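Residue numbering for the sequence shown follows the working numbering, starting at 9 and increasing by one per position.
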Amino acid sequence: MFFRYLKITLSRSGAKPRWQGSSKKHVMAPNRAESVFPTATDIHATLRISLPLMLGYLGKIAIGITDNMMLGRLGVDALGAAGLAFSVYAVFLTIGVGMLFPVMVLVSQARGSNRLSAVPEIIRQGLWISGALFVPSCVVLWNLEDLLVLTGQDTALAEMAGDYMDYYLWAMFPALSSLLFTFAFTAMDRTRAVFLVAWIEVGLNIILNYVFIFGKFGFPAMGMAGAGLASIIVHSVGHMIFFTLMGFHGFFERGSLFRRAWRPKWAILRRILQLGWPKSLEMIINKSLFSAATLLAGFFGTEVVASHTMAFQVSLVIFFIASVPLADAVTTRAGIAVKQMNRIAMWRILNSGLLLLLLFMLAPIIVLGGFPEWIVALFTGFGTPKTDHLAPLAAPLIMFMAIFVIVDGLRMITNRALNGLADMKIPALIAAIAHWGVGFVFGILFGFVMDGGILGLWLGLTLGMAVAALAYSWRFWWLVRDDQNRIFDLST
Numbered sequence: 009m010f011f012r013y014l015k016i017t018l019s020r021s022g023a024k025p026r027w028q029g030s031s032k033k034h035v036m037a038p039n040r041a042e043s044v045f046p047t048a049t050d051i052h053a054t055l056r057i058s059l060p061l062m063l064g065y066l067g068k069i070a071i072g073i074t075d076n077m078m079l080g081r082l083g084v085d086a087l088g089a090a091g092l093a094f095s096v097y098a099v100f101l102t103i104g105v106g107m108l109f110p111v112m113v114l115v116s117q118a119r120g121s122n123r124l125s126a127v128p129e130i131i132r133q134g135l136w137i138s139g140a141l142f143v144p145s146c147v148v149l150w151n152l153e154d155l156l157v158l159t160g161q162d163t164a165l166a167e168m169a170g171d172y173m174d175y176y177l178w179a180m181f182p183a184l185s186s187l188l189f190t191f192a193f194t195a196m197d198r199t200r201a202v203f204l205v206a207w208i209e210v211g212l213n214i215i216l217n218y219v220f221i222f223g224k225f226g227f228p229a230m231g232m233a234g235a236g237l238a239s240i241i242v243h244s245v246g247h248m249i250f251f252t253l254m255g256f257h258g259f260f261e262r263g264s265l266f267r268r269a270w271r272p273k274w275a276i277l278r279r280i281l282q283l284g285w286p287k288s289l290e291m292i293i294n295k296s297l298f299s300a301a302t303l304l305a306g307f308f309g310t311e312v313v314a315s316h317t318m319a320f321q322v323s324l325v326i327f328f329i330a331s332v333p334l335a336d337a338v339t340t341r342a343g344i345a346v347k348q349m350n351r352i353a354m355w356r357i358l359n360s361g362l363l364l365l366l367l368f369m370l371a372p373i374i375v376l377g378g379f380p381e382w383i384v385a386l387f388t389g390f391g392t393p394k395t396d397h398l399a400p401l402a403a404p405l406i407m408f409m410a411i412f413v414i415v416d417g418l419r420m421i422t423n424r425a426l427n428g429l430a431d432m433k434i435p436a437l438i439a440a441i442a443h444w445g446v447g448f449v450f451g452i453l454f455g456f457v458m459d460g461g462i463l464g465l466w467l468g469l470t471l472g473m474a475v476a477a478l479a480y481s482w483r484f485w486w487l488v489r490d491d492q493n494r495i496f497d498l499s500t
């Protein structure tokens with residue numbers, strides 16, 4: 009009882025016990041008089057990280073849009089071939105995101121334990137992993153044309169996709185390393201660099217696509233290959249800007265990123281891989297669910313697939329502009345708090361993310377729920393016969409997205425709060441059960457068995473997301489509740 013009283017007294021006075029930061033598994037008890045509702049400081053800290061990320065991720069979306077717009081001017085076949093090529097490329101990119109994501113967690117935890125000297129070492133190991141992922145990606149993507157032909161794709165389309173990927177595959181390493189630096193800068197609370205680099209890439213991408221695809225300013229017209237070449241240059245420039253900013257950043261000792269860069273730190277590499285493989289698995293589970301949903305939508309007809317695609321694209325844009333930046337901020341701040349063993353801060357961090365999510369979702373909910381026909385017209389044109397024909401089918405689904413984006417955002421933020429505590433395996437298991445065991449099964453039940461159509465399918469997917477969000481919330485409560493050492497065990 010004496011030691012329990014001593015710990016509570018120390019925590020209230022602001023002092024730290026002598027064993028703070030040691031390897032002993034002591035956990036400071038929370039001050040029960042404190043509220044877990046986020047303060048103005050919590051809101052400001054979350055916004056400081058997430059707002060530049062929102063603008064940065066908007067830039068990434070702009071790059072994809074400009075690519076599609078310019079390739080679309082080459083014809084429908086060029087756009088389709090690029091879509092085929094990127095669908096394979098995206099598999100390796102998704103694996104890379106999951107494997108490199110622990111860099112954000114480990115850097116934030118290094119900040120929380122005041123071990124800033126470890127940050128350059130963590131980043132260097134992330135570069136090793138980026139290089140290791142690049143090699144098998146190249147082997148597959150170099151043979152993309154043959155792979156597409158083997159899967160039954162049109163030969164001419166496969167050839168166009170292969171020509172595009174012969175260039176585009178070389179952008180994989182700088183793309184992965186840029187992701188690594190994005191995670192590191194986010195964990196360092198320096199997200200304005202992410203915003204800056206993203207919009208430099210947008211401007212450069214527009215110029216280079218115009219020059220190489222259509223043959224301007226004396227350059228030959230390269231078509232799809234030109235788009236691939238432009239992507240190599242854009243991602244490489246982004247990588248070099250990130251690398252320069254990181255290498256000489258005042259956050260840690262200048263130049264320390266380059267010291268003994270050729271020598272792997274096996275303990276850190278092992279830790280990144282331990283956290284990374286379940287995160288990659290979770291992301292593949294999530295991505296494959298929506299791929300399967302698109303295939304199921306095909307059974308309802310071409311127009312339903314078009315409506316499904318519109319709704320999914322809208323939800324994806326909202327997801328990356330609102331949910332992901334807030335979730336990144338929650339991950340970073342939770343990683344710091346877990347090393348400081350501050351349970352009240354952990355709850356406030358999660359609740360600040362959830363509160364801001366609801367605030368940021370107000371505008372999308374109003375637009376999706378009140379003006380769905382406008383969203384349809386953005387895809388098919390205002391006042392066109394195609395819009396008049398498709399709007400009655402697509403508008404109800406887009407209205408339903410107002411519910412889906414909130415549920416999906418809640419799932420994302422609660423998931424990332426757990427990730428900040430270095431909890432990866434159980435969230436991946438929850439994702440498998442909730443997405444496939446609940447979402448997919450009930451999507452088939454509501455959509456096909458009960459004749460709910462595409463709305464029934466999306467209702468099932470939303471139910472799966474809701475189950476995942478509830479399970480993540482319970483898991484967070486179970487880990488952070490009073491007088492337990494579980495979060496300490498996870499973060500070591």
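For glycine and all other residues, C-beta sits at the position ideal for the given N, C-alpha and C.
Predicted model, so just to flag it, every value in this text is computed and none were measured.
Short Cβ contact (8 Å threshold) for residue i with residue j
| i | j | result |
| --- | --- | --- |
| ALA371 | ARG419 | no |
| ASP416 | SER323 | yes |
| THR194 | ASP336 | yes |
| MET230 | LEU79 | no |
| LEU289 | LEU188 | no |
| GLY455 | VAL338 | no |
| ALA301 | GLY451 | yes |
| ALA126 | ARG341 | no |
| ILE329 | ASN213 | no |
| LEU386 | LEU364 | no |
| ALA192 | VAL113 | no |
| LYS287 | GLY106 | yes |
| LEU467 | LEU304 | no |
Buried or exposed by the 16-neighbour rule on C-beta atoms within 10 Å, applied to residue i
| i | result |
| --- | --- |
| VAL147 | exposed |
| MET77 | exposed |
| PHE307 | exposed |
| SER30 | The predicted position of SER30 is uncertain, since its pLDDT is 39 and thus under 50; no value can be drawn from it. |
| ARG483 | buried |
| HIS458 | His is not the amino acid found at residue 458; the sequence shown has Met there. When all chains shown are included, MET458 counts as exposed. |
| ILE280 | buried |
| VAL421 | For the record, residue 421 in the displayed sequence is Ile; it is not Val. It counts as buried. |
| SER43 | exposed |
| GLY170 | buried |
| THR190 | buried |
| TRP270 | exposed |
| VAL143 | exposed |
| LYS32 | For LYS32, the predicted structure reports a pLDDT of 41, less than 50, and the residue's modelled location is therefore unreliable. A value from the coordinates is still provided. By the neighbour-count rule (16 or more Cβ atoms within 10 Å), LYS32 is not buried but exposed. |
| HIS34 | Because the pLDDT at HIS34 is just 44, under 50, the model does not fix this residue reliably, and the point stays unresolved. |
| ARG356 | buried |
8 Å Cβ shell around residue i - same chain, five flanking residues per side excluded
| i | result |
| --- | --- |
| THR163 | VAL157 |
| LEU63 | PHE203, ALA206 and TRP207 |
| LEU376 | VAL322, ILE383, ILE406, MET407, MET409, ALA410 and VAL413 |
| LYS394 | THR388 |
| PRO435 | PRO286, GLU290, ASN423, LEU426, ASN427, TYR480 and ARG483 |
Cutoff 6 Å; reference residue i; Cβ partners in own chain excluding five residues on either side
| i | result |
| --- | --- |
| MET248 | none |
| GLY472 | ALA442, HIS443, VAL446 and GLY447 |
| LEU149 | MET173 and LEU177 |
| GLU381 | ALA399 and ALA403 |
| ARG489 | none |
| SER239 | TYR176 and ALA179 |
| ILE51 | SER360 |
| PHE6 | Here the chain comprises residues numbered 9 to 500, so residue 6 is not present and cannot be evaluated. |
| PRO38 | Here the model assigns PRO38 a pLDDT of 48, short of 50, so the residue's position is not dependable, and the following value carries that caveat. Once the five neighbours on either side are set aside, the close Cβ partners of PRO38 are ARG351 and ILE352. |
Cutoff 7 Å; reference residue i; Cβ partners in own chain excluding five residues on either side
| i | result |
| --- | --- |
| ILE276 | GLU129, ILE130 and GLN133 |
| THR392 | none |
| HIS243 | ALA179, PRO182, ALA183 and SER186 |
| ALA166 | GLU153, LEU156 and VAL157 |
| LEU92 | LEU156, GLN161, LEU165 and ALA169 |
| ALA474 | VAL415 |
| LEU253 | ALA201 |
Contact test: residue i Cβ vs the ligand SAH heavy atom, cutoff 7 Å
| i | result |
| --- | --- |
| ALA305 | Inclusion of the ligand SAH in the displayed structure is not the case, the ligand content being empty and no account of it being possible. |
Three CB pairs or more closer than 8 Å across the region 83 to 93 and the region 115 to 124: no
Stretch pair the region 196 to 213 + the region 53 to 72: three plus CB contacts closer than 8 Å: Yes, they touch.
Cβ pair count under 8 Å reaching 3, the region 120 to 134 against the region 305 to 320: Cβ pair count under 8 Å is below three, so no.
Ordered list of alpha helix (DSSP H) runs contained in the region 326 to 357, each at least 4 residues: 332 to 347
Contiguous alpha helix (DSSP H) assignments of at least 4 residues, all confined to the region 157 to 213: 163 to 176 and 180 to 195
Sequence ranges, alpha helix (DSSP H) only - wholly within the region 385 to 434, length at least 4: 393 to 428
Residue ranges of each alpha helix (DSSP H) within the region 83 to 135, 4 or longer: You should have 84 to 108 and 110 to 120.
Length-filtered (4 minimum) alpha helix (DSSP H) runs lying within the region 234 to 321: 274 to 305
Complete alpha helix (DSSP H) runs within the region 431 to 457 (minimum length 4 residues, chain order): The DSSP assignment places 433 to 439 and 449 to 452 as complete runs of the alpha helix (DSSP H) inside the region 431 to 457, in order along the chain (cut-off: 4 residues).
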